[in-house]
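Residue numbers (my numbering): 542 to 698.
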C-alpha cells in the first residue's frame, strides 16, 4: 500500500429516504469485492437532543457485515434539509494486522433540525481479521444519497 493511514471525509450528503445511513467496508485485495464475510464493530460516545438543548446520549455499539457505522443508526432519519457530515481515519488496510478506525459524525432525526434529535458521535471501529485489503467502500445501508461529497486522503508515514 502506498499510504500507511487513510482518512475519509463526507459532507453535505442528504437523502429523501428515511433511515438511510453510511456504512464503510473494506475491499478484498484478491478481487476488489466488498468483504461481507466478517463483522465490522462500531462503538461510540454521543451527545444528543434538539439544537436548543443538550444531553448526554451515553454510549452505543453495533456490528454489521456491511461496514462500520460512523453514526448511531437508531437516531438517524435525515431528510433533504439535513446534510450529514463526518470523518473517519483508518489504519493501513493492506497489512496482515487487525484493522481499526476512529470516527466522528453527525446525525439528524427529522427534517426540521430543532424538532428532532441532532447529535454527534466520537467512536472507534474494528474488525478481527488478518485479511489484506485494497481499499474502502462508502455506501448506504439502503436507499440513496442525493448530492454531497465523499473524499479519501492517503497519509504517508
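Positions of the beta carbon are idealized from the N, C-alpha and C atoms, including for glycine.
Under the three-state DSSP convention, the category residue 614 falls into: helix
Test item: CB-CB of residue 648 and residue 682 under 8 Å: no
The segment 566-573 touching the segment 660-680, judged by at least three CB pairs closer than 8 Å: yes
C-alpha gap between residue 680 and residue 633, whole angstroms: 20 Å
Member of 696, 594, 677 whose CA lies at the smallest distance from the CA of residue 534: Within the shown structure, residues of the chain are numbered from 542 to 698, placing residue 534 beyond reach of any answer.
When 552, 685, 688, 631 are compared against residue 696, the one with the closest alpha-carbon: 631
Closest Cα partner of residue 689 within the set 563, 546, 548, 543: 563
Alpha-carbon to alpha-carbon, residue 548 and residue 534: Nothing can be reported for residue 534: it is not among the residues displayed for the chain, which extend from 542 to 698.
Three-state class that DSSP yields for residue 549 in the structure shown: strand
Residues that residue 630 bridges to, as DSSP identifies them: 548, 643
Distance between residue 664 and residue 596 (C-alpha atoms, nearest Å): 18 Å
Beta-carbon spacing of residue 604, residue 582 below 8 Å: yes
Segment limits, beta strand (DSSP E) that includes residue 637: From DSSP, residue 637 is part of no beta strand (DSSP E); its letter is neither H nor E.
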